[in-house]
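Chemist: Before I ask anything, here is the structure I am working with.
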Amino acid sequence: MDFNDTPEEAAFRQQVRTWLDANATRKSDDKTSIRARVDDPELLKKAKVWQDKKAQAGYARITWPKEYGGLGGTPIQQVIYSQEEANYLVPLGFFDIGLGMCIPTLMAYCGPEVLGRYVKPALHGEEVWCQLFSEPAAGSDVAGIRTRAERDGDGWVINGQKVWTSGAHYSDYGIIITRTDPGVPKHQGLTMFYIDMKSPGVEARPIKQISGAANFNEVFFTNVRVPDSQRVGEVGQGWKVALTTLMNERLAVGTPAGGVDVDELLELARDTELEDGPAIRNASVRGKIAEWYVQSQGLKYTKFRTLTSLSKGQQPGPESSIAKIVAAPKMQDLGAFAMELMGQAGIMTRDVPGAGAFQQQWMFGAGFRIAGGTDEILRNIVAERVLGLPQDIRVDKDVAFNELGKK
Amino acid sequence: MNFDFSDDQKMLKEQVRKFLADKCPMKVVRRVLDGDETHAAEVWAGMAELGLMGTAIPEAYGGTGLGPLELCVIAEELGRACAPVPFSSSVYLVTEAIKRWGSEAQKKAWLPRLADGSAIGTLATSEGPQAPTPKSVRVSFADGKLNGIKVPVADGEAATVAVVLVNSGGTGARSLSLALVDLTNGGVARTRVATVDPARKHAQITFSDAKAELLGGKGKGVQLLNELYDGAAVLFAFEQIGGAEAAMWMGRDYALQRQAFGRVIGSYQAIKHKLADVYVKTELARSNAYYGAMMYAEGGADLPIAAAAARVAATDAYDFAAQENIQTHGGIGFTWEADTQFHYRRSRLLALAIGGPTAWKEKLVTRLERKNAA
Ligand SMILES: Cc1cc2nc3c(=O)[nH]c(=O)nc-3n(C[C@H](O)[C@H](O)[C@H](O)COP(=O)(O)OP(=O)(O)OC[C@H]3O[C@@H](n4cnc5c(N)ncnc54)[C@H](O)[C@@H]3O)c2cc1C
Numbered sequence: 001m002d003f004n005d006t007p008e009e010a011a012f013r014q015q016v017r018t019w020l021d022a023n024a025t026r027k028s029d030d031k032t033s034i035r036a037r038v039d040d041p042e043l044l045k046k047a048k049v050w051q052d053k054k055a056q057a058g059y060a061r062i063t064w065p066k067e068y069g070g071l072g073g074t075p076i077q078q079v080i081y082s083q084e085e086a087n088y089l090v091p092l093g094f095f096d097i098g099l100g101m102c103i104p105t106l107m108a109y110c111g112p113e114v115l116g117r118y119v120k121p122a123l124h125g126e127e128v129w130c131q132l133f134s135e136p137a138a139g140s141d142v143a144g145i146r147t148r149a150e151r152d153g154d155g156w157v158i159n160g161q162k163v164w165t166s167g168a169h170y171s172d173y174g175i176i177i178t179r180t181d182p183g184v185p186k187h188q189g190l191t192m193f194y195i196d197m198k199s200p201g202v203e204a205r206p207i208k209q210i211s212g213a214a215n216f217n218e219v220f221f222t223n224v225r226v227p228d229s230q231r232v233g234e235v236g237q238g239w240k241v242a243l244t245t246l247m248n249e250r251l252a253v254g255t256p257a258g259g260v261d262v263d264e265l266l267e268l269a270r271d272t273e274l275e276d277g278p279a280i281r282n283a284s285v286r287g288k289i290a291e292w293y294v295q296s297q298g299l300k301y302t303k304f305r306t307l308t309s310l311s312k313g314q315q316p317g318p319e320s321s322i323a324k325i326v327a328a329p330k331m332q333d334l335g336a337f338a339m340e341l342m343g344q345a346g347i348m349t350r351d352v353p354g355a356g357a358f359q360q361q362w363m364f365g366a367g368f369r370i371a372g373g374t375d376e377i378l379r380n381i382v383a384e385r386v387l388g389l390p391q392d393i394r395v396d397k398d399v400a401f402n403e404l405g406k407k
Numbered sequence: 001m002n003f004d005f006s007d008d009q010k011m012l013k014e015q016v017r018k019f020l021a022d023k024c025p026m027k028v029v030r031r032v033l034d035g036d037e038t039h040a041a042e043v044w045a046g047m048a049e050l051g052l053m054g055t056a057i058p059e060a061y062g063g064t065g066l067g068p069l070e071l072c073v074i075a076e077e078l079g080r081a082c083a084p085v086p087f088s089s090s091v092y093l094v095t096e097a098i099k100r101w102g103s104e105a106q107k108k109a110w111l112p113r114l115a116d117g118s119a120i121g122t123l124a125t126s127e128g129p130q131a132p133t134p135k136s137v138r139v140s141f142a143d144g145k146l147n148g149i150k151v152p153v154a155d156g157e158a159a160t161v162a163v164v165l166v167n168s169g170g171t172g173a174r175s176l177s178l179a180l181v182d183l184t185n186g187g188v189a190r191t192r193v194a195t196v197d198p199a200r201k202h203a204q205i206t207f208s209d210a211k212a213e214l215l216g217g218k219g220k221g222v223q224l225l226n227e228l229y230d231g232a233a234v235l236f237a238f239e240q241i242g243g244a245e246a247a248m249w250m251g252r253d254y255a256l257q258r259q260a261f262g263r264v265i266g267s268y269q270a271i272k273h274k275l276a277d278v279y280v281k282t283e284l285a286r287s288n289a290y291y292g293a294m295m296y297a298e299g300g301a302d303l304p305i306a307a308a309a310a311r312v313a314a315t316d317a318y319d320f321a322a323q324e325n326i327q328t329h330g331g332i333g334f335t336w337e338a339d340t341q342f343h344y345r346r347s348r349l350l351a352l353a354i355g356g357p358t359a360w361k362e363k364l365v366t367r368l369e370r371k372n373a374a
């Protein structure tokens with residue numbers, strides 16, 4: 001047992017480090033800069049520049065084949081790159097949905113012309129993609145969407161509304177799941193398209209989140225014309241296509257980087273006075289720190305177990321499915337607890353220890369427990385796929401979509 | 001990155017698993033629980049034949065000269081089987097203590113016999129319902145003689161040799177030492193005590209001028225015990241994880257078969273999500289335990305932190321798995337007839353064996369503080 005790189009992995013790590021050193025700045029230890037960075041209005045622009053640099057060096061998607069601008073590398077090389085990149089101050093996060101979910105879906109279902117046109121600009125950060133799945137009436141149950149696509153000559157016309165679409169307001173393209181046949185049970189009448197977000201009839205309206213920021217949107221589609229060539233997969237096979245996307249989503253969603261964790265909490269507890277002395281001397285504070293530490297380490301070493309499988313060229317086990325179930329509530333709880341340590345001032349978001357990072361963590365934690373599959377849906381997945389327990393009863397299974405709720 | 005057991009270690013694990021499935025099914029656990037025997041002697045004999053007790057004992061002392069990683073995989077399987085054998089007392093604790101701190105004569109006297117299972121060791125620290133501290137430990141060592149009462153002592157009736165936490169005179173932490181006692185000599189009286197897990201019998205041992213020798217130097221009891229517990233915590237963690245997984249699958253199997261309100265209870269989310277939570281805790285524990293195992297095997301500086309984290313996570317996982325297994329079973333789960341009891345009992349036994357979760361959380365944070373200050 002060891003964490004050592006193989007000689008090839010070590011060589012790759014060295015190569016990555018050399019490149020990063022030449023092209024990026026190492027992270028300072030200054031915690032307050034996280035906040036300034038997140039609030040930077042130029043962030044997207046900077047992220048695009050960085051993405052282009054990475055793509056030119058082949059690091060933008062290491063496992064993709066060279067013909068698509070990847071490095072033709074292994075998953076473990078991708079991980080090594082990400083580990084190293086995490087030590088540098090680089091703007092990330094805008095391309096994960098596109099490169100992690102949308103483009104892989106296109107790769108699975110579209111021909112060479114489509115891929116020749118869209119993959120490269122996405123990889124270089126020139127074009128940003130979003131995922132148009134959730135709707136007001138369908139989130140967890142995303143097969144229940146209502147946005148219609150209807151045949152019109154050799155194309156389609158889309159009408160309806162999506163919601164919670166992250167990044168729609170700055171995205172160039174999106175993949176959209178639509179209902180093409182309401183006369184069959186819900187999973188059977190779906191079809192996937194990709195869509196130009198600047199098409200006439202598409203309107204993205206940012207939604208102000210609980211955190212005050214507006215990263216997600218409601219998106220309205222009014223008689224939006226889409227040529228049939230933008231169909232992804234067969235008509236009526238949209239659910240199968242969506243599953244490809246969602247599978248990639250589960251692989252892509254991890255713990256958001258740059259947050260505060262146990263080390264920061266420990267530091268806070270050391271510096272904070274409670275009624276009976278420093279917080280770090282309080283037994284219940286210590287108990288909580290221990291519990292979260294064990295969770296953090298558990299997730300870290302679970303990832304290492306997965307990496308070991310990848311490193312040996314094996315399929316990772318189901319253990320990676322626990323990550324978000326643990327990480328999201330922990331983010332929320334740890335943030336809330338840190339706020340409590342600050343006393344009544346814990347409600348303040350600027351002039352407090354961590355410059356508001358704990359408060360922000362507590363806020364975002366609430367969303368992280370929902371985005372990309374809620375706590376409850378993920379538990380269902382573990383129960384069904386790992387433990388082999390039965391699916392929930394589905395009263396809508398064999399009923400035509402347009403007959404649902406009529407009884 | 002090679003954060004996994006080797007193929008040989010996995011083979012050993014498979015071998016032990018098969019052996020226990022064959023020789024130590026739940027009805028053997030039940031037999032020991034219900035009966036008078038101190039442990040399942042035939043299982044112990046079979047384990048001796050496989051050389052399991054000598055796993056981490058050097059060949060020069062009659063062992064097979066493997067190491068902590070092999071012990072980890074064995075521990076996990078013993079936990080899965082709820083095995084009614086004195087392995088943790090004899091191997092994780094006493095063998096390790098003698099290996100580390102025994103004189104050459106002590107090693108020669110005991111290690112070969114511990115390796116072949118003809119001797120059974122036990123660690124005796126507790127003196128009733130409080131933590132054994134310099135203030136509370138009364139069992140005294142003076143002039144080569146031991147006096148006082150230890151209770152409860154795990155596998156205390158079956159044991160032939162004990163490592164005992166004693167007051168050897170002086171004040172504060174320096175007043176405690178470890179002593180090695182041949183329990184087959186005179187001056188040792190043992191009676192069985194009632195516990196929540198009679199599948200691992202516990203005893204009260206009364207020492208009356210029993211002959212003893214110090215182990216590892218006078219006044220070092222606290223320090224040595226802490227060191228001993230770090231390695232043992234990793235092994236106990238694997239045993240707990242084996243138990244947690246067994247309890248999880250027991251609950252899952254029952255949930256697939258039991259019907260209520262016209263469908264199997266495993267189709268209700270309250271049951272599905274509960275079992276998913278057991279899985280999550282067990283995987284968190286396993287990942288922490290792997291790191292503990294790695295640190296134990298390489299004698300890494302991070303062992304004290306890794307061991308404490310493994311211990312905290314594994315105790316949480318097994319306690320939760322065992323208790324929710326009963327809950328999943330409903331009324332039948334609360335009966336003597338059901339096998340759910342074995343894990344419920346064992347989980348508490350293991351949770352308290354070398355200090356409970358609250359104490360280990362405290363150790364963990366103390367060690368984190370020290371590390372962060374360094
Ligand atoms: C920050 C953020 C970013 C997002 N970005 C995107 C995006 O880019 N693109 C996109 O398409 N979507 C996005 N979403 C939407 C997200 O996928 C959905 O919000 C999520 O799937 C939940 O759906 P819902 O909001 O409709 O809640 P609902 O599905 O209505 O759920 C409400 C509650 O009911 C529970 N529930 C629902 N079904 C079950 C069940 N079967 N068993 C038990 N409990 C159940 C849920 O767990 C939840 O607690 C984002 C959401 C957030 C918060």
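Protein chains in written order, with the UniProt record's numbering: chain A, 1 to 407; chain B, 1 to 374. Cβ atoms here follow ideal geometry from the backbone N, Cα and C, with glycine treated the same way.
#1: Since A:E203 sits in a beta bridge, which residues does DSSP pair it with?
#2: Comparing the C-beta of A:T32 with each C-beta of chain B, is any distance below 8 Å?
#3: Let me confirm a value: B:F141 is counted as buried when at least 16 other C-beta atoms fall within 10 Å, else exposed. Which label applies?
#4: Check whether chain B comes within 8 Å of A:G254, counting only Cβ atoms and requiring the distance to be less than that.
#5: Please compile the residues from chain B whose C-beta is within a distance smaller than 7 Å of the C-beta of A:P206.
#6: So which residues on chain B does A:A383 lean against when the C-beta distance must stay under 7 Å?
#7: CB A:D398 to CB A:P185, shorter than 8 Å?
#8: Please list the partners that A:V326 has in chain B, where partner means a Cβ-to-Cβ separation under 8 Å.
#9: Report, in whole angstroms, the separation of the C-beta atoms of residue 430 of chain A and A:G69, which I expect to be a contact under 8 Å.
#10: Below 8 Å, can you find three or more Cβ-Cβ pairs linking the stretch 340-354 of chain B to the stretch 265-276 of chain B?
#11: Where are the beta strand (DSSP E) runs, 3 residues long or more, that stay fully inside the stretch 284-337 of chain B, in chain order?
#12: Taking Cβ-Cβ distances shorter than 7 Å, what residues in chain B pair up with A:E319?
#13: Check whether chain A comes within 8 Å of residue 379 of chain B, counting only Cβ atoms and requiring the distance to be less than that.
#14: Would the beta-carbon of B:A285 fall within 8 Å of that of B:A232?
#15: Taking the alpha-carbon of B:G292 as reference, which of B:M248, B:L71 and B:T95 has the nearest alpha-carbon?
#16: Within 8 Å of any Cβ in chain B, is that where the Cβ of A:Y392 sits?
#17: Checking 8 Å against the spacing of the C-beta atoms, do B:L146 and B:V181 come in under that value?
#18: So with CB distances below 7 Å, who are the chain B contacts of A:I304?
#19: Just to confirm my understanding: we take A:S199, look at its own chain, exclude 5 residues before and 5 after, and list those with CB closer than 6 Å. What are they?
#20: Are there 16 or more other CB atoms within 10 angstroms of the CB of A:S309, so buried, or fewer, so exposed?
#21: What does a CB cutoff of less than 6 Å around A:P104 pick up in its chain, not counting 5 residues either side in sequence?
#22: Taking C-beta pairs closer than 9 Å, name the residues in chain A that residue 453 of chain B reaches, listed in chain order.
#23: In whole angstroms, what is the alpha-carbon distance linking B:N167 and B:K135?
#24: List the endpoints of the continuous beta strand (DSSP E) containing B:P152.
#25: Would you say A:L404 reaches chain B, if we count a Cβ-Cβ gap shorter than 8 Å as a contact?
#26: Starting from the C-beta of B:A317, find all residues in its chain whose C-beta is less than 8 Å away, skip the five residues before and the five after it, and write them out in chain order.
#27: Quick one: is A:D2 buried, meaning 16 or more other Cβ sit within 10 Å of its Cβ, or exposed?
#28: Hey, could you find the ends of the alpha helix (DSSP H) B:L50 is sitting in?
#29: Quick check: the Cα distance between B:I305 and B:M295, rounded to an integer number of angstroms?
#30: Cutting at 7 Å between CB atoms, please list the residues of its own chain near B:S126, excluding the five before and the five after it.
#31: In angstroms, rounded to a whole number, what distance separates the CA positions of B:M26 and B:V43?
#32: Is there a Cβ from chain B that is less than 8 Å from the Cβ of A:F364?
#33: Checking the sheet assignment: what are the DSSP bridge partners for B:N167?
#34: Looking only at its chain, what residues have a beta carbon closer than 6 Å to the beta carbon of A:A204, apart from the 5 residues adjacent to it on each side?
#35: Just mark B:N325 as buried or exposed, buried being the case when its beta carbon has 16 or more other beta carbons within 10 Å.
Modeler: Checking against the coordinates, here is how it stands:
#1: Position 203 of the first sequence, counting from 1, holds the residue named residue 203 of chain A. For A:E203, the pairing in a beta bridge is given by DSSP as A:F220.
#2: The residue labelled residue 32 of chain A in the question sits at position 32 within the first sequence. For A:T32, the predicted model reports a pLDDT of 47, less than 50, meaning its position is unreliable; a value from the coordinates is still stated below. It does not: the Cβ of A:T32 has no partner Cβ on chain B nearer than 8 Å.
#3: The residue given as residue 141 of chain B occupies position 141 in the second sequence. Buried, since its Cβ has 16 or more Cβ neighbours within 10 Å.
#4: Here residue 254 of chain A refers to the residue found at position 254 when the first sequence is read from its first residue. Low confidence applies here, because A:G254 scores a pLDDT of 48, under 50, leaving its location unreliable and the question unanswered by this model.
#5: Along the first sequence, one-based indexing puts residue 206 of chain A at 206. Per Cβ cutoff of 7 Å: no residues; A:P206 is ~34 Å from chain B at best.
#6: In the first sequence, counting from the first residue as 1, residue 383 of chain A sits at position 383. Chain-ordered, the chain B residues with CB closer than 7 Å to the CB of A:A383 read K272, H273, L275 and A276.
#7: Numbered from 1 along the first sequence, position 398 holds the residue referred to as residue 398 of chain A. Numbered from 1 along the first sequence, position 185 holds the residue referred to as residue 185 of chain A. It is a contact, given that the beta carbons lie within the stated cut-off.
#8: The residue labelled residue 326 of chain A in the question sits at position 326 within the first sequence. Result: V280 and L284.
#9: It is not possible to answer for residue 430 of chain A, since the shown part of chain A is limited to 1 through 407.
#10: Taking a contact to require three or more Cβ pairs closer than 8 Å, the stretch 340-354 of chain B and the stretch 265-276 of chain B do not qualify as touching.
#11: Runs of the beta strand (DSSP E) spanning 3 or more residues and lying entirely within the stretch 284-337 of chain B do not occur at all.
#12: For the purposes of this step, residue 319 of chain A is identified with residue 319 of the first sequence, where counting begins at 1. Chain B residues near A:E319: E283.
#13: Because chain B is modelled from 1 through 374, residue 379 of chain B falls outside the range shown and cannot be assessed.
#14: In the second sequence, counting from the first residue as 1, residue 285 of chain B sits at position 285. In the second sequence, counting from the first residue as 1, residue 232 of chain B sits at position 232. Cβ distance not < 8 Å, so B:A285 and B:A232 don't count as in contact.
#15: For the purposes of this step, residue 292 of chain B is taken as residue 292 along the second sequence, with counting starting at 1. Closest by alpha carbon: B:L71.
#16: Taking the first residue of the first sequence as 1, we reach residue 392 of chain A at position 392. The sequence shown places Asp at residue 392 of chain A, not Tyr. Closer than 8 Å: yes.
#17: Translated into the one-based positions of the second sequence, residue 146 of chain B becomes position 146. Translated into the one-based positions of the second sequence, residue 181 of chain B becomes position 181. Result yes, Cβ atoms of B:L146 and B:V181 sit closer than 8 Å.
#18: For the purposes of this step, residue 304 of chain A is taken as residue 304 along the first sequence, with counting starting at 1. According to the sequence displayed, residue 304 of chain A carries Phe and not Ile. By Cβ distance, chain B contributes M1 and F3.
#19: For the purposes of this step, residue 199 of chain A is taken as residue 199 along the first sequence, with counting starting at 1. These residues qualify, in order along the chain: V224.
#20: For this step, residue 309 of chain A is matched to residue 309 along the first sequence. Buried, by the Cβ-count rule.
#21: The sequence position of residue 104 of chain A within the first sequence is 104, counting from 1. Around A:P104, the same chain offers N248 as residues with beta carbons nearer than 6 Å, after the five sequence neighbours per side are excluded.
#22: Residue coverage of chain B in this structure runs from 1 to 374, which leaves residue 453 of chain B outside it and unanswerable.
#23: The sequence position of residue 167 of chain B within the second sequence is 167, counting from 1. The sequence position of residue 135 of chain B within the second sequence is 135, counting from 1. So the two alpha carbons sit approximately 9 Å from each other.
#24: By 1-based counting over the second sequence, the position of residue 152 of chain B is 152. Its beta strand (DSSP E) spans residues K145 to A154.
#25: The residue labelled residue 404 of chain A in the question sits at position 404 within the first sequence. Taking 8 Å as the threshold, the shortest C-beta distance from A:L404 to chain B does not fall below it.
#26: Against the second sequence, residue 317 of chain B aligns to sequence position 317. Correct list, in chain order: Q240, I241, A244, V278, K281, T282, L284 and A285.
#27: Residue 2 of chain A sits at position 2 when you count from the first residue of the first sequence. Counting the other CB atoms within 10 Å of its CB gives A:D2 a total below 16, which places it among the exposed residues.
#28: Numbered from its first residue, the second sequence carries residue 50 of chain B at position 50. It is not in any alpha helix (DSSP H) - B:L50 carries neither H nor E in the DSSP assignment.
#29: Reading the second sequence from its first residue, position 305 is the one you call residue 305 of chain B. Reading the second sequence from its first residue, position 295 is the one you call residue 295 of chain B. Their Cα atoms are separated by approximately 9 Å.
#30: What you label residue 126 of chain B is simply residue 126 of the second sequence in a count that begins at 1. Hits under 7 Å: P132, K150, V151 and P152.
#31: Walking along the second sequence from the start, residue 26 of chain B turns up at place 26. Walking along the second sequence from the start, residue 43 of chain B turns up at place 43. For B:M26 and B:V43, the distance between alpha carbons rounds to 12 Å.
#32: Here residue 364 of chain A corresponds to residue number 364 of the first sequence, with the count starting at 1. No Cβ of chain B is located within less than 8 Å of the beta carbon of A:F364.
#33: Here residue 167 of chain B refers to the residue found at position 167 of the second sequence. In DSSP, B:N167 forms a bridge with B:S140 and B:L176.
#34: Looking up residue 204 of chain A in the first sequence gives position 204. Contacts found: A168, H169, N217 and V219.
#35: If you number the second sequence from 1, residue 325 of chain B lands on position 325. Buried, since its Cβ has 16 or more Cβ neighbours within 10 Å.
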